[in-house]
Amino acid sequence: MQALEVPEILQVLGDFLDYPRLAAATAVCKSWNTTFTPFLYRKLEWGYGFPRRPRAFVVEDNVNHIRIIKIRRLPWIPSLTDCTNLEEAHLDLTFDQDEDDNIDTTWIPLTTLVRQNPKLVTVCVSKPGNEFLRAVFTCCPHLKRLEIAGANLKAYMMTDIFFNVCLRLEELKMADTTLNLKAYGISWENWPTFSRIKKLWLGITHERHWDACQLQQQHEFIQQCPNLESLTWSFSRGPLPIYEIKELLSPKKSRCPKIKAFEFHYPGFHPILSEDKLAKILRGCKQNLTSFGSRQVLFGEASGEALIKGLASTLTRLRIDNGGPNTGSVLMKILSSCPCLVYVECSTTLDVGDMLGVPSIKSAKTGPPGISKKKVAQLVPLPKSIHPPEWACKNLETLRIDIGGLRDKESEWQRAVLKQLAKLKQLRVLGRGSVSHSGVGSRDGLDLRLEAGLEILSSLTKLERLRYGPLWQEMSERDIKWMVKAWPRFSYLFGWVHHSLDRRIELKKLLNRHGVTVEACYAIGPEFSDSEESDEESGGSYLDEDEDEDEDRDEDGEEDGEEDEEEDEEEDEEEDIDEGEDEEQEAGSSDHNGDSFDDIQELSPWEDD
1 MQALEVPEIL QVLGDFLDYP RLAAATAVCK SWNTTFTPFL YRKLEWGYGF PRRPRAFVVE
61 DNVNHIRIIK IRRLPWIPSL TDCTNLEEAH LDLTFDQDED DNIDTTWIPL TTLVRQNPKL
121 VTVCVSKPGN EFLRAVFTCC PHLKRLEIAG ANLKAYMMTD IFFNVCLRLE ELKMADTTLN
181 LKAYGISWEN WPTFSRIKKL WLGITHERHW DACQLQQQHE FIQQCPNLES LTWSFSRGPL
241 PIYEIKELLS PKKSRCPKIK AFEFHYPGFH PILSEDKLAK ILRGCKQNLT SFGSRQVLFG
301 EASGEALIKG LASTLTRLRI DNGGPNTGSV LMKILSSCPC LVYVECSTTL DVGDMLGVPS
361 IKSAKTGPPG ISKKKVAQLV PLPKSIHPPE WACKNLETLR IDIGGLRDKE SEWQRAVLKQ
421 LAKLKQLRVL GRGSVSHSGV GSRDGLDLRL EAGLEILSSL TKLERLRYGP LWQEMSERDI
481 KWMVKAWPRF SYLFGWVHHS LDRRIELKKL LNRHGVTVEA CYAIGPEFSD SEESDEESGG
541 SYLDEDEDED EDRDEDGEED GEEDEEEDEE EDEEEDIDEG EDEEQEAGSS DHNGDSFDDI
601 QELSPWEDD
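First residue of the sequence shown: 1, per the numbering used here; consecutive thereafter.
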C-alpha cells in the first residue's frame, strides 16, 4: 500500500490543503473523496473579508460536515436547518437590531441553530439579542470559549444564567457589554468561583455615568478567577485604577497569582493618559509577566526603564499603543535589553535614526538660506561610522511597527536598516503595527525592490507574513519571484505591491499562483503621480487578535483590512510573465487530470459574491 492510500496519512494532509486543492483532491478517487470531503466543508465562511458566498445546494448536501461557521454580513442563508455538528460559531452581523424584520429573519434562525447544536465549544457574537444569549447559556453544556460584544445583560435573570456559564468557561471576552454585577451584591463572598477561566477580556460598560462601585465589582469579578493566566481589562470611564491593577500584579496580595499576561485599554474617546501612571504600574508589578500591553497611555522613557528593570528577563510579548515623543528610542532599548521577546507590536513610528544609532538626524536638516528643508533632507548621507544597537531578542518572530524617516534619504540608509532586520533570522511576521501612521501612498517606508536592497533580507528564510500597508511601492515580477524563492514559507502579504492599479492586479495574480494570499488595506485603489502623496491615515483595530491567534481562527486575522477592488475586476486572461516558470508552477498546482490551478478553483463550494 502506498503512503497516499493510507487514510491516517491523508487525514494529516487534509489540514494543510486550501479549498481549491481540497476540491481537486476529492475528485481524484473514491477513497480520497471520502477522506477529503469533510475537510472541504468543515468551515463555512461568509462575509466582507471572504470574497465568495457558499453555494446553498452544496452546503445543504454536506451540512453534516460543517464544524465551524464564520458569518459577517447579511442576508442570512436559511440552509443550515439540518446542521447539528457545529463546534464553533463566529457571528458578526451588520444590521440595525431595531428593525423587526432583521430580528425575525436573523436571530430567530440563529437561536434555533444554537439550540440544535449542543456540541458548541466556541461562540463569538456581536450585538446579540437576549433570546440568542439565553440559548447559548442554556443549550451549550460543552461551551469553553465565549466572546460577546455589545450585549446587554442588565436583567437579574441574565446575570444569574451568565454566572452559571462562567463556571465552565476557560476563555471569556466581554467587549462593550452591560452587565448587572450588583445582582450579586458588592461583597465577593456572595459570588461563585470561576476556577476554569484562564483567559479573560473584560470590557464592561456603565450606563450614563461612571460608577466607582461597578469598577470595584469588576475587580472582584477578576479575583474570582484564581487560575487566571491572561487578563485584558478595558475601562470605559473614570480614573485609571492604579491600586487595583498593582494589587492584581502582586502575587502576595492578589487572588490571581498565576497571571502572566496583562493588557489594559482606554477607549479612543478618552484623552490619552500620561506615562507616569503607566510607569507606576510597571514599577509596582511584582508578577513575572511574560506578556504586557497598553492602549491610550503614553509610553515613554520612564515606562520603558520600568519595564526593562522589572520584566527584561521574562517578557516575551509586548503591545504598545500611543507612544510618546521618544517611543522609538525607548523601543530600541527594549529590543536590545529583553532577550526573551518573540512578539513586538507598537503603533508608532520607529525612526531610522533610533534604529541605526545615529543621533539628531532631524537637526541635520538645515542648510543655506532659500533651500527648503525637504530639499536639504535629500542631501543627508548616511554617516560613515554608525553603531546600531544590537538586538537582544535573537528569537524575535513577530515585529509589527512602522519604520520611518527614510523619505528623501540616500539609499544607503535603507540598506543599513535592512541589514539590521536581516539579523532577526527567526522572523515569521514583519510589518506595520495595528495602526499605521503612514498616509496612503506615502513613500516614507521600506522600498521592497531588489534594486533598493531587498536581497539583503535573504536570511529571513522563515518569513511567512509581510505587512506594510498602503505605502508607495513599485515592485516588478522579478521582485515577486525573488520573494517566493528566498522565503519558502511566504504565504501572506498585506499592502500594495504597486502604486498602479493595473500593475497591482497583474502582480497579485502572480503572487496567488505562487500560493501567496494578497490583501489590500484600502478598496479605493487610486493611482498616485510622482508629486502626489495623500495625507489620509491608515486605520486599524488595536483590539484585533494577535498574529498567532489569527492563524488559528484565521489570524485575528486577523483580520486587518478589506480586499482591494481588483478582487471584483477579474481579467479575461492572465499574461504569462515568465512562461517557463508559470508552466512549472501550474504543473505543481494541478490535479491528477492535469487541470490548471485556476481551473481547479471552479470545483470550490463557493461562488463569486
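Don't be surprised by glycine CBs; every beta carbon is placed ideally from N, CA and C.
Secondary structure of residue i, DSSP reduced to three states
{"i": "Asp92", "result": "coil"}
{"i": "Gly404", "result": "strand"}
{"i": "Asn152", "result": "strand"}
{"i": "Ala422", "result": "coil"}
{"i": "Thr461", "result": "coil"}
{"i": "Pro7", "result": "helix"}
{"i": "His219", "result": "helix"}
{"i": "Met475", "result": "coil"}
{"i": "Val352", "result": "helix"}
{"i": "Ser620", "result": "Any answer about residue 620 is impossible in this case: the structure gives the chain only from 1 up to 609."}
{"i": "Arg125", "result": "This sequence places Val at residue 125; Arg is not what is there. In this structure, Val125 counts as strand in the three-state DSSP scheme."}
{"i": "Thr232", "result": "strand"}
{"i": "Trp191", "result": "coil"}
{"i": "Asp546", "result": "Because Asp546 carries a pLDDT of 42, less than 50, the predicted location of this residue cannot be relied on, and the following value inherits that uncertainty. Of the three classes helix, strand and coil, the one that applies to Asp546 here is coil, per DSSP."}
{"i": "Lys70", "result": "strand"}
{"i": "Lys30", "result": "helix"}
{"i": "Leu430", "result": "strand"}
{"i": "Arg115", "result": "helix"}
{"i": "Trp391", "result": "coil"}
{"i": "Thr178", "result": "strand"}
{"i": "Asn443", "result": "One point to set straight first is that residue 443 is Arg, not Asn, in the sequence displayed. Coil, per DSSP."}
{"i": "Arg199", "result": "Residue identity check: residue 199 is Lys in the sequence provided, not Arg. DSSP places Lys199 in strand when its eight states are reduced to three."}
{"i": "Lys43", "result": "strand"}
{"i": "Leu110", "result": "helix"}
{"i": "Ile204", "result": "strand"}
{"i": "Gly357", "result": "coil"}
{"i": "Leu86", "result": "coil"}
{"i": "Thr398", "result": "strand"}
{"i": "Gly469", "result": "strand"}
{"i": "Arg55", "result": "coil"}
{"i": "Gly453", "result": "coil"}
{"i": "Lys246", "result": "helix"}
{"i": "Val380", "result": "coil"}
Whole-Å CB distance - residue i paired with residue j, under 8 Å assumed
{"i": "Glu263", "j": "Arg319", "result": "6 Å"}
{"i": "Ser230", "j": "Ala261", "result": "4 Å"}
{"i": "Lys419", "j": "Trp391", "result": "Contact doesn't hold; Cβ gap of about 12 Å is too wide."}
{"i": "Arg504", "j": "Glu474", "result": "Incorrect: roughly 11 Å between the Cβ atoms, too far for contact."}
{"i": "Leu228", "j": "Leu200", "result": "6 Å"}
{"i": "Cys338", "j": "Ala312", "result": "5 Å"}
{"i": "Thr290", "j": "Leu315", "result": "6 Å"}
{"i": "Trp107", "j": "Ile71", "result": "Actually they are not in contact, since the Cβ atoms of Trp107 and Ile71 sit about 12 Å apart, beyond 8 Å."}
{"i": "Leu169", "j": "Leu146", "result": "6 Å"}
{"i": "Gln296", "j": "Asp276", "result": "About 15 Å; that fails the 8 Å criterion."}
{"i": "Leu335", "j": "Ile403", "result": "With a Cβ gap of about 13 Å, Leu335 and Ile403 do not count as contacting."}
{"i": "Ile197", "j": "Leu172", "result": "6 Å"}
{"i": "Val516", "j": "Ser491", "result": "6 Å"}
{"i": "His90", "j": "Ile66", "result": "With a Cβ gap of about 13 Å, His90 and Ile66 do not count as contacting."}
{"i": "Pro389", "j": "Met332", "result": "5 Å"}
{"i": "Val136", "j": "Val121", "result": "Incorrect: roughly 12 Å between the Cβ atoms, too far for contact."}
Residue burial classification, residue i (beta-carbon count within 10 angstroms, cutoff 16)
{"i": "Leu454", "result": "buried"}
{"i": "Ile9", "result": "exposed"}
{"i": "Tyr615", "result": "Lying outside 1 to 609, the shown extent of the chain, residue 615 is not represented and no answer is given."}
{"i": "Ser254", "result": "buried"}
{"i": "Cys29", "result": "exposed"}
{"i": "Asn33", "result": "exposed"}
{"i": "Asn117", "result": "buried"}
{"i": "Asp387", "result": "First, the residue type needs correcting, since residue 387 is His and not Asp in the sequence shown. His387 is exposed by the Cβ-count criterion."}
{"i": "Val518", "result": "buried"}
{"i": "Ser234", "result": "buried"}
{"i": "Ser442", "result": "buried"}
{"i": "Pro7", "result": "exposed"}
{"i": "Ser329", "result": "buried"}
{"i": "Lys246", "result": "buried"}
{"i": "Leu617", "result": "Within the shown structure, residues of the chain are numbered from 1 to 609, placing residue 617 beyond reach of any answer."}
{"i": "Leu511", "result": "buried"}
{"i": "Ser294", "result": "buried"}
Tell me, please, whether the segment 449 to 465 touches the segment 478 to 491 by the rule of three or more beta-carbon pairs shorter than 8 Å. yes
As an exercise, report each continuous alpha helix (DSSP H) stretch of at least 4 residues that is fully enclosed by the segment 479 to 520, in chain order. 501 to 513
Just list the alpha helix (DSSP H) runs in the segment 256 to 333, keeping only unbroken ones of 4 residues or longer that don't cross its boundaries, in chain order. 275 to 284, 301 to 311
Segments assigned beta strand (DSSP E), at least 3 residues, entirely inside the segment 127 to 176: 145 to 149
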